[in-house]
Each structure stands twice: as structure tokens, then as C-alpha cells.
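Novice: First to last, the protein sequences are chains A and B. For the first sequence, this note's numbering begins at 953 and goes up steadily by one. For the second sequence, this note's numbering begins at 2 and goes up steadily by one. Below is one structure. I have some questions about it.
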Amino acid sequence: MGASFGRGGATQFVQDIANTDCLIIQGSNMAECHPVAFQWVTEAKLRGARVIHIDPRFTRTSAVADKHIPIRAGSDVILLGALINQVLRTGSYFEEYVAAYTNASMIVSDDYQDTEDLSGVFSGYDPETGQYDLTSWAYRSRKPGEDDIGEAGPEEHGAAKAASAAGHAHGAAGAPLDHALIERDPTMQDPRCVLQILKRHYARYTPDLVTSACGISAADFAYLSESLVANSGRERTTMFAYAVGWTQHSLGAQFIRTAAILQLLMGNVGRPGGGIMALRGHASIQGASDIPTLFNLLPGYLPMPTAGKDETLAQFLSAVSSPRQKGFWTHADAYLVSLLKAWWGDAAQPENDFCYDYLPRMNGNHNTYQSVLGMIAGTVEGYFLLGQNPAVGSANGRLQRLGMANLKWLVVRDFNLIESATWWKDGPEIATGELETDKIGTEIFFLPAANHAEKDGTFTQTQRMLQWHFKAVEPPGDARSDLSFYYVLGKKIRERLAGSTDPRDRPLLDLTWDYPQDEHGEPDADAVLREINGTYLSGEQAGQALPGFGALKADGSTASGCWIYSGVYADEVNASKNKLPDAQQSWVAPNWGWAWPMNRRILYNRASADPQGRPWSERKAYVWWDEQTGRWVGHDVPDFPLTTAPSYRPADGTSGPEALAGDDPFIMQADGKGWLFAPRGMIDGPLPTHYEAQESPIGNPLYPQQRNPARLVYPHKDNLTAPSFGEPGADVYPFVATTYRLTEHHTAGAMSRWLPYLSELQPEFFCEVSPELAAERGLVNGGWATLISPRSAIEARVLVTERMTPLIIGGRTIHQIGMPYHWGVGGTGAVVTGDSANDLLGVTLDPNVSIQESKVSSVDIQPGRRPRGEALTRLVADYQSRSGATVVTGNDIVNENDEREERR
Amino acid sequence: MTDRAAFLGWPALRQLATGDYLGRGQAVVSKKTRDKLARTATADKVVKSVCPYCAVGCGQNIFVKDGKVVQIEGDPDSPVSRGRLCPKGSASEQLVNSPTRQTTVLYRAPYATDWSPLGLEEATDMIADRVIETRRRTWQDKDENGQFLRRTMGIASLGGAALDNEENYLMKKLYTAMGAIQVENQARI
Ligand code: SF4
Ligand code: SF4
Chain A
953 MGASFGRGGA TQFVQDIANT DCLIIQGSNM AECHPVAFQW VTEAKLRGAR VIHIDPRFTR
1013 TSAVADKHIP IRAGSDVILL GALINQVLRT GSYFEEYVAA YTNASMIVSD DYQDTEDLSG
1073 VFSGYDPETG QYDLTSWAYR SRKPGEDDIG EAGPEEHGAA KAASAAGHAH GAAGAPLDHA
1133 LIERDPTMQD PRCVLQILKR HYARYTPDLV TSACGISAAD FAYLSESLVA NSGRERTTMF
1193 AYAVGWTQHS LGAQFIRTAA ILQLLMGNVG RPGGGIMALR GHASIQGASD IPTLFNLLPG
1253 YLPMPTAGKD ETLAQFLSAV SSPRQKGFWT HADAYLVSLL KAWWGDAAQP ENDFCYDYLP
1313 RMNGNHNTYQ SVLGMIAGTV EGYFLLGQNP AVGSANGRLQ RLGMANLKWL VVRDFNLIES
1373 ATWWKDGPEI ATGELETDKI GTEIFFLPAA NHAEKDGTFT QTQRMLQWHF KAVEPPGDAR
1433 SDLSFYYVLG KKIRERLAGS TDPRDRPLLD LTWDYPQDEH GEPDADAVLR EINGTYLSGE
1493 QAGQALPGFG ALKADGSTAS GCWIYSGVYA DEVNASKNKL PDAQQSWVAP NWGWAWPMNR
1553 RILYNRASAD PQGRPWSERK AYVWWDEQTG RWVGHDVPDF PLTTAPSYRP ADGTSGPEAL
1613 AGDDPFIMQA DGKGWLFAPR GMIDGPLPTH YEAQESPIGN PLYPQQRNPA RLVYPHKDNL
1673 TAPSFGEPGA DVYPFVATTY RLTEHHTAGA MSRWLPYLSE LQPEFFCEVS PELAAERGLV
1733 NGGWATLISP RSAIEARVLV TERMTPLIIG GRTIHQIGMP YHWGVGGTGA VVTGDSANDL
1793 LGVTLDPNVS IQESKVSSVD IQPGRRPRGE ALTRLVADYQ SRSGATVVTG NDIVNENDER
1853 EERR
Chain B
2 MTDRAAFLGW PALRQLATGD YLGRGQAVVS KKTRDKLART ATADKVVKSV CPYCAVGCGQ
62 NIFVKDGKVV QIEGDPDSPV SRGRLCPKGS ASEQLVNSPT RQTTVLYRAP YATDWSPLGL
122 EEATDMIADR VIETRRRTWQ DKDENGQFLR RTMGIASLGG AALDNEENYL MKKLYTAMGA
182 IQVENQARI
């Protein structure tokens, strides 16, 4: 979402679901995966909202929806693209909103060529590297003083080579533009303007195509588009909700982009009951991106520097944002310098670029799957696992375990002896004989962890809200918080290096690493959060907590560990501890927890008012301009400069927040607008385009280019790809498998399979198949089935159910198989165990965010249990050889197979 | 029991006397039930917390007695969850008190076929030594073009989505200072 709106977080707060008139849940089984949030869906229904669930499976979410629309897994861009086409063709988009708040009227470079022109790739593609050069996607510039359409100015939005797999990079700010002088056509008629490009790009995404490629009937499509149109506009709003069903694809980020485009066209962003609700699966997964345990980011979505490109602080900052663009991201220098001051304190001075050189550099994609290949290759020696169980929870579990078996040392911190701690004696490869315990040289430390009841701290939940959990009891035995573990580890490392003259040890020795500890040695989480919020370092207020990110300076006079969280400790009050009871505050509940940025609960809420600053309608009033006081006011904290009047227009040459016009609601975007077309920020295309999954039962119905040409492939003998439709051997793995989660378990099971209550509720691993598929393969309800992919073979109990619907695609029946992925083999003390669905999956990643494709893969299914021991390895090998899958098949990035064209 | 008390103890009269006309409340509560007290009523303190499973972030009230968690319930004050918890949140008391929880450090030496015990302090010392050794051995100062790298590719880390912001912050800070960049979490998975 960052590339479309300027920030990656959910646009709304959970309770706001109740205000929607139409909720489209796609890529999420919300009733089962986010059950307590689902109460707000029920609330919306009681208020008359329509709820539509689009999902391959009929689930409990479908059961209470007004309509369930089954879809072929992985075809979402076709469906949403067809909706975009429909609203553009019939003129039923929200024209006034689109003209004022989006980049629809901006003119794009004459060099831009669409996938429609180039058989499924955009201009700028380099087949050698599999990467795009983004230059030709740029806006056309105008000269200062010129208004709107004028002579074409020089294309100076800068050459930008797509960095491979940046990912989550636009969590808090949009992509940079060189400046904000952009040529526009306010009538939106110019053939090179964004709206017209959009029309052409999606012209072939028709209702017929939806029927033939997604398996959705014309009547269902009509119902969907009518619901969307009838529930958008001045008086009404539609909301989209998604979860990992959308992100876990080789073009996952583009799925979300398609919904973002649609919501911008319908005028549903920044308004109550609208937007896009991202439903995240872990207590603090939003927080773990904000303060990232991610390789390519520093806190607050500042990028980690890249070797060669960001040699100096000045070079680094010029790539992050341009001083001539609009919005708050022009202050990135203040955010970075304050971070460096927080980390290196007095050592960070203007003369040494505030220790910028202490930051390590990237030179490629260093994501977790790459690290696993590094373990297998022997370059990665040591590995820390913190509350994560990759032996079960990551794609291609066997690859994960083989990687760990080749480490020098492994540290596992968890509550229980999970599979990732015990694979060396009871993992699946020990059973097949591929690994032998006494030949594995990995040294392993298991350290018990404290849980949420045993420590103080904050989680950032799905709506960007920080909530403090108070420590209730002391952790038992050796169990400690990760705060304590890392603090002590850091101290020990620094003690050992004390006195070192080696320059490489300076960053460790100069680090600010001094937190108050309680009598049990536990560092004070409050003090850490205060450091994250930041303090003044000089002047009258020296030593005091900062009021918010607006106070950050680039001259070294402020420190802040994460600029977007600045404000959580304003006035020395830890606002994440706010727990004013629901009944005692407004429906926006601003005094419960604290949401970044600056406690704003609906983002881009300036757009809830019309260009003149009046609510679009009484019914949907949220934030508006108050003429009397000359300020923005309303139910929420305005996500806009408080005193910038709706009529304000900046002079040419103005930059930064002052350059935001009174009708630029997207304040983290370089041009202040919502991006229908992304001239920067997406590395696999400015517009979402349908490609088939890495493994697909059909040929791409739109382009000869079968798969996302910019996806990340990992050719490896232990990561083979099943042939897709039209490739030899495609019938060996004929079915589509999709994974999902259950209410009663949690991801890889570490926090649920060891609990008797939850294990009793969902004791056994199973797969869901339709009665038709059961008949075809002789599968019996309650009996066993073996599932085989090019990576592995596993067994599951069979659940025959009409909830699985065979789809007719291109005249052929496509069967889909559903599997929850919570079980694993091995582990000590687990109440229930079972084969792991993730062992079936291969590693292919979305190029924007490096997230694996686990929602779609090809498998075969046979009745009965899987073979044991070495016979299992033989079964998998036999399938591989029959399919003809090799290390190269499926991994050529551009197409690929011209024969397919004829066959289609 | 006096005759009068026994008489008033007749179910129908008991219903009338207590105003429980439908006979579903006070009138049908046995002495055994009456003498029972909820764990939540006898707790020494109630601590405000947040469910550690999914990202809805439901509010929890943790009931503590004699330094032990005795019950975890939904927090009715939370505007997000309004007192509700799903099966996972409701089961979280077992997460704290599970008998299968591993509460001591375990060590597996290279090629060993089983775990052996190890002290927490000693384990942390050994890990600090491993980090320093690996970092030395795998340090990359510059790439082949002479451009700064200042990092180690010998150390990787996975996890964070279940951790507190403060924990992620210290991890990221320490890893970055030691030059370890292969730091990842569930957001990627
Ligand atoms: S049985 Fe399941 S749904 Fe019913 S109250 Fe218990 S946990 Fe909730
Ligand atoms: S109680 Fe259930 S819905 Fe609420 S945060 Fe916990 S896991 Fe999520």
C-alpha cells in the first residue's frame, strides 16, 4: 500500500469496519483467523452493510457473508482488474475525488510502454537481470511557472534502476520524485495521462475473462460490481479487507495495489468505513516492520544503505527523497540523523556524518530464504531463532532443516522445544536417513523465553496501534525476555571487545547501551520506548522527551530511535499505556493505546472532506476545515498540516510540507496524491498485471508472458518447480494446493500445539477436498491421503466437503485442495504432531517484498498413508523424474514457451 | 435446619422468596456452587495485558494470586475487543502455565545425540564468543570494487513478529552495530 498511498499500514482502525456500507473480504478467512475483529463485521451487518467473501474455500466467513464467490487461487488481479475496467468504462468512479486527490490527471513519459504493447512486460525490462529500469515510467515534467499542459519539459525524474526486492520500503513514505513540477491535464483526456493509461491497461480484463480465468460467473461478477458502485460515492463507502491470502503470492504486493487503485477510483480512501484493512497474523508483525527485524530497512522505513550507491550520507539521503519534492518525506535527513544520534550518541557528530559509516551495507537481496541457501553453501555460520519455527513455518521445510544442519551454531529462543530446536534428532530427514544425528556438527543452544505475561512492553497491532502489556509475574527458571537476552549479550560482546583498536569494533564500542535494570536484571522497557520516542539533546529542553516527529532536526540536536513512533512518549507520558475504558470515550477511541503517526486512527483523513474542505456528506463526515478557527477539526487527529487551508496553493519551487496544496491529502507522497499509476516504488510494474503463479494449471490467458518476469526464483535441486499448464509433465502434479490457518492454532504451532485446550479443539492435520475430487481419486472422508509436490510428500486426514468447489477454467475442471499449515514432525512435548504442509511448498518470492508464494502450488493426491523411511525419498524422486522437473525448469524468467501461445 | 427453613427450602417457594421466578438463578444454586468462588474473585491483582497471538490486539486481564497467573480473560474496557477473546486468547493461561514448557537452558554439543544442561550465564558467554569468532572469520570490509560493506554475512536471525517493539529495537540496534544484516522476521513469511 505504501506505493499507492504513502504508508504501508492499515488505513483504518478495526472498529471502523462497523461504519462500512459494503465489506469485500478477499484473501482472508476473517471469521476464523481474526475472530474478535469479526465482531465489527457483524456490527456492520446489523447496520445494514453488505458483506461479500471472495475465497477459494467456503469458510465460516462465507457462512455469514451475504455472498460467497469462489475464485481460483492466484487469479485475484484479473477479478480486481475487471472491476477497474468496469467502473472506468461505465464512468461509475467517483470523478471529483479522482480528479482532486489522485494522480489520474498526471502525464506520463512518452517513452512509457504498457504490457499491452509489449506482450506482458513493461518498458524498461532487462531480460538479462530480470529487473526493470524505471526511467520510462516517470511523469512528464513541466517548467516552473507553466500551468498544467505545456510543452514537454526535460524528463528529469531521474533514472532509477529497480533495486532487487527492496520490500516493505514504503511503509511510512511513498517513493521519491525529483520534484513536484508535473505536467497535468485536469480534463483527464490526454492519451498519456494516468487515467487513460489505466483504461487501456485494463481494457482486456472483462467479465468474460473473469468467468474463464477466475471461474466466477457473469451473474456473480455483476453482483460484485453493482455492490461496489452502489456503496461508494459521497454518501456511502466500501471497505476491502485482506490477509496473507493476498501477500503470499509471487505478485502479492500487486494484488494489494489493485485493490488500492480500485479504492482510489471509488473515492473510498481516507474516509470512515472505507480504505483497506490489512489483517495481520502476529501480535506485533506491524511493529516488526516499523522497527524492522528486516534486512533492507532501518527503523521508520528508512532504507539500509546499499554498497556503491550510498557511499556517503549525502548520497544516501539524496536517494531517499529529493529536497524539491512535496510532503514530509523531505525531512528524511532529520529522521536518519536522529536515529544515528540515538544509536551512537556523542560519537555521532556532523564532522563524521553522524557515524553514517557505522551502518553495514547491502549489495543484493539478503532475505531469509537467501540466508538458508547461504547455510547450505556454508557461508552462514550462526543463526538466531526468536519465537519462530522455520522447520515448520517456512516454505520448503526440508530446505530449512538442511540449512540448519550445516550451521556451526544455532540459538533457539522459545517457550517449548519446537521442531526447529529438535530436528537433529527427530526431524523428517532423520526418519528418511538423509541426515544422521551423530554426523550433524551444529552446536545448539536452547534458551527458554518469557511470555507476554512475564514482561513489560508494547505490541503494535494491525491498525498501527501500540498497546502496552504490563508484567504480571516473574518468568520461571532460566526464562528471560528477549529484551534481557539481547541487552546482556550486547554487554558481554562489548566487554570482550573493550580496548580493541580494530575500526570494525567501533560501532559496537561506541553504541549507546546503557539501560536501567530491575532487581532481576530485566532492562526497563519504558526507558527503551522513551529512546525510541526520542529526546532533545541540546537547548533549553535538553534531556526532555520529544513531542513528535515534527520536532526532529538534522543537525544532531535531537535523537530518536524510530521517527514514526515519536510522540508516543510526548510530555514524558507513555501513551501506549492509555487504557481509558471504551464507554468513557468517543467511537474513535483516541485514548486507548497510541497509533502512529501522531495518534491518527484513519490515515489520509483529509480526503474525508471535499476539495473545499467540507464533508462529502453528513453521513460520512470525519475531518473537515473549520473556517472560524482556520484549522482542520473532526473526530480524529487530522492527517494533514493543521492550518493549511483547502484553497492553499504553493508557489512553484516550494518543497516539503509547505509544498502540500490544500487538496493534497497523501502527505507522505512526493506529489501529495494517491497513486493510481506508480511511476516509482513498485519494482515489477507501475500497474498491476496478471501473471500466473510459479506453478499453475492454466496458461496466462492475457499475455504470452506466463509468470511475473521480475519474480525471485531460487533454482536449487531441493527447490524444484512443478511444470505449469502447457509444459511437459504438467499432469504429474495436476491439482492446486492452497494453505491457510485455523482459529485454534497459531502459525507453526509453537504457541498452540503445546497447549492442551487448543490441541484438543484441532488435534490432527487434514486436507479438504471436494466430493468430486474424492470420487476421482478414491479418497474417503476420515481416511488418509498422501500429497506429493516436487519438494516433498506428506500425509493428512481427508475431509471431503462441498466447501471446496471444483472450478471450470478454460473448459477444464480445476480441483483445489486446502490445507492448514500448523503441524510439524518432531518437537518435544507437543500435545499433537503431524506432517507439515509447508514441506510441500517451493520457494519463489514476490519481487517487491520477498514474500513466499504459499497460497498456490501444484500437487498430486493419492489415497492412503505416505511411505516411511527411504521409500519416501524414492516416491518424491519418482514423481520428479516423471514430471521432468529439473533445476532450470520453471525458472527462466522471461518467456519461456512460445509453443504455449499456439496451444491456448 | 429448622422446620421453617426446610419449608422455605421447597423449590417453588424458594423461587418466590428470591424473586427468581423462572428458576434459573439463585433459587437453583446448590450450596456447593454457592461456596465456590471464581479464581478471578480471589486473585490478588488484575494486570492489564494484550493477547500475544494475532494482530487484532485484544485486551486481556491477567489474574494473579501468590505470584502465579491463575486466569486470563478478555478486557471489557478495550474498544477493539470489548471483553472478547477467541479460543487462542482464552487458552493463553496455558501458555504461561503449560507443564511442557521448557524452563531451563539446554545445550547440544556438535555431533551429540542428546541435550545436556547448561547454565544461563555460561550459555550467554558461549554465544557471545561464537558471535565474535564468526564475525572475525566472516568479516567483509569492502567488496571487489573497493566499496564499503562493513558487515558479516556469517550471522543470520529470524524472528520478531511475536516480540515487543522494544525487543526488536534492541535486536536491530545490536545486530546493525555488529554488522549483521541478515535479520528477518515473519513479515517475510
Ligand atoms: S466452544 Fe469455541 S466458539 Fe464456543 S465459546 Fe468455546 S471457544 Fe468459543
Ligand atoms: S484473542 Fe484471538 S482474535 Fe484476539 S488477539 Fe488473540 S488471537 Fe487475535
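All C-beta atoms, glycine included, are put in the ideal place defined by N, C-alpha and C.
Taking the continuous alpha helix (DSSP H) assigned at serine 91(B), which residues delimit it?
Specialist: Run containing serine 91(B): 88-91, per the alpha helix (DSSP H) assignment.
Novice: From the beta carbon of lysine 1531(A), is the nearest beta carbon of chain B less than 9 Å away?
Specialist: Yes, lysine 1531(A) counts as interfacial toward chain B.
Novice: Helix, strand or coil for lysine 69(B)? Go by DSSP, reduced to three states.
Specialist: Of the three classes helix, strand and coil, the one that applies to lysine 69(B) here is strand, per DSSP.
Novice: Could you please tell me which residues of the stretch 94-111 of chain B, in chain order, have their CB closer than 7 Å to any CB of chain A?
Specialist: Listed by position along the chain: Gln95, Leu96, Val97, Ser99, Thr101, Arg102, Gln103, Thr104, Thr105, Val106, Leu107, Tyr108, Arg109, Ala110, Pro111.
Novice: By DSSP's criteria, asparagine 62(B) is part of a beta bridge. Which residues make up the other side?
Specialist: DSSP, once it has assigned bridges, lists Lys49(B), Glu74(B) as partnering asparagine 62(B).
Novice: Taking the alpha helix (DSSP H) that leucine 1133(A) falls in, what are its first and last residues?
Specialist: Element bounds for leucine 1133(A): n/a, residue is neither H nor E.
Novice: Do we get a CB-CB distance below 9 Å when we pair alanine 1(B) with the residues of chain A?
Specialist: What is shown of chain B runs 2 to 190, which leaves residue 1(B) out entirely.
Novice: Residues bridged to tryptophan 1361(A) by DSSP?
Specialist: In the DSSP output, where bridge partners are listed per residue, tryptophan 1361(A) has Gly1334(A), Glu1395(A).
Novice: Just to confirm before moving on: does the CB-CB distance between glycine 1842(A) and glutamate 1696(A) stay below 9 Å?
Specialist: Not closer than 9 Å, so no.
Novice: Can you look up tryptophan 116(B) in the DSSP assignment and give me helix, strand or coil?
Specialist: Residue state, collapsed to three classes: coil.
Novice: Residues of chain B with a CB under 9 Å from the CB of leucine 1827(A): which are they?
Specialist: The premise fails here: leucine 1827(A) is roughly 27 Å from chain B at the closest Cβ pair, so nothing lies under 9 Å.
Novice: For tyrosine 133(B) and serine 50(B), what's the separation of their Cα atoms in angstroms?
Specialist: One point to set straight first is that residue 133(B) is isoleucine, not tyrosine, in the sequence displayed. Their Cα atoms are separated by approximately 37 Å.
Novice: Going by C-alpha distance, which of Arg1144(A), Leu998(A), Gln1657(A) is nearest glycine 1082(A)?
Specialist: Here the closest residue by C-alpha is Gln1657(A).
Novice: Our contact map puts glycine 1026(A) next to valine 1665(A) with C-beta atoms below 8 Å; I'd like the distance itself, whole angstroms only.
Specialist: Contact doesn't hold; Cβ gap of about 17 Å is too wide.
Novice: Tyrosine 1194(A) and serine 980(A) look like a contact to me (Cβ under 8 Å); what is the Cβ gap, rounded to whole Å?
Specialist: Tyrosine 1194(A) to serine 980(A), Cβ: 5 Å. Contact.
Novice: So, for methionine 1620(A): in the same chain, excluding its five sequence neighbours on each side, which residues have a beta-carbon less than 7 Å away from its beta-carbon?
Specialist: Excluding positions up to five away in sequence, the list reads Gly958, Arg959, Ala1124, Ala1125, Gly1126, Gly1279, Phe1280, Trp1281.
Novice: With a threshold of 16 other CB atoms inside 10 Å of the CB of glycine 1119(A), please say whether the residue is buried or exposed.
Specialist: Low confidence applies to glycine 1119(A): its pLDDT is 49, below 50, so where it sits in the model is not reliable, and the reading given next is rough at best. So glycine 1119(A) ends up on the buried side.
Novice: Counting beta carbon pairs with one atom in the stretch 118-134 of chain B and one in the stretch 1433-1447 of chain A, are three or more of them shorter than 8 Å?
Specialist: At 8 Å Cβ cutoff, the stretches touch.
Novice: Kindly examine ligand 3 and report whether one of its heavy atoms sits closer than 8 Å to the Cβ of alanine 1357(A).
Specialist: Of the ligands this structure carries, namely ligand 1 and ligand 2, none is ligand 3.
Novice: Take alanine 110(B) and list the residues in its own chain whose beta-carbon comes closer than 8 Å to its own, dropping the five residues that flank it on each side.
Specialist: These residues qualify, in order along the chain: Ser117.
Novice: Could you pull the DSSP bridge partners for cysteine 974(A) from this structure?
Specialist: In the DSSP output, where bridge partners are listed per residue, cysteine 974(A) has Arg1002(A), Thr1190(A).
Novice: Taking 9 Å as the cut-off, decide whether the C-beta atoms of leucine 1214(A) and leucine 1180(A) are in contact.
Specialist: Their beta carbons are under 9 Å apart, which means leucine 1214(A) touches leucine 1180(A) by this criterion.
Novice: Using a Cβ cut-off of 9 Å (strictly closer), state whether phenylalanine 1437(A) contacts chain B.
Specialist: Chain B contact via Cβ: present.
Novice: Show which residues of chain B have a CB atom less than 8 Å away from the CB atom of leucine 1707(A).
Specialist: Going along chain B in sequence order, the residues near leucine 1707(A) (Cβ under 8 Å) are Ala92, Gln95, Leu96, Ser99.
Novice: Grouping DSSP H, G and I as helix and E and B as strand, with all else coil, what is histidine 1421(A)?
Specialist: Histidine 1421(A) falls in the strand class under three-state DSSP.
Novice: Report the rounded CA-to-CA distance for arginine 1156(A) versus proline 1649(A), giving the unit in angstroms.
Specialist: Roughly 21 Å between the two C-alpha positions.
Novice: Could you give the residue range of the alpha helix (DSSP H) that holds proline 1815(A)?
Specialist: Here proline 1815(A) belongs to no alpha helix (DSSP H); instead the beta strand (DSSP E) covers 1809-1815.
Novice: Return the Cβ separation of glycine 60(B) and aspartate 76(B) in integer angstroms, given the expectation that the two are a contact with Cβ distance under 8 Å.
Specialist: About 3 Å separates the two Cβ atoms, so the contact holds.
Novice: Looking only at its chain, what residues have a beta carbon closer than 7 Å to the beta carbon of glutamine 16(B), apart from the 5 residues adjacent to it on each side?
Specialist: Tyr22, Gly24, Ala28, listed in sequence order.
Novice: Less than 9 Å between the beta carbons of histidine 986(A) and threonine 1412(A), yes or no?
Specialist: Against a cut-off of 9 Å, the Cβ pair of threonine 1412(A) and histidine 986(A) comes out as no contact.
Novice: For the stretch 1605-1615 of chain A against the stretch 1536-1551 of chain A, are there 3 or more C-beta pairs whose distance is under 8 Å?
Specialist: No contact exists between the stretch 1605-1615 of chain A and the stretch 1536-1551 of chain A.
Novice: Taking 8 Å as the line, does the beta carbon of leucine 1710(A) fall inside it for any heavy atom of ligand 2?
Specialist: Flag unset: Cβ of leucine 1710(A) not near ligand 2.
Novice: Mind checking the stretch 973-1007 of chain A against chain B and listing, in chain order, the residues whose C-beta falls within less than 8 Å of any C-beta there?
Specialist: Those residues of the stretch 973-1007 of chain A that come within reach of chain B (Cβ to Cβ, closer than 8 Å) are Cys985, His986, Pro987, Val988, Ala989, Gln991.
Novice: What residues are listed by DSSP as bridge partners for tyrosine 1517(A)?
Specialist: DSSP output for tyrosine 1517(A) lists no bridge partner at all.
Novice: Taking threonine 1785(A) as the reference, give the member of Asp1408(A), Ala1829(A), Glu1679(A), Asp1378(A) with the closest Cα.
Specialist: Of Asp1408(A), Ala1829(A), Glu1679(A), Asp1378(A), the residue nearest in Cα terms is Asp1378(A).
Novice: Given 8 Å as the limit, tell me if lysine 89(B) has its C-beta closer than that to any heavy atom belonging to ligand 2.
Specialist: Yes.
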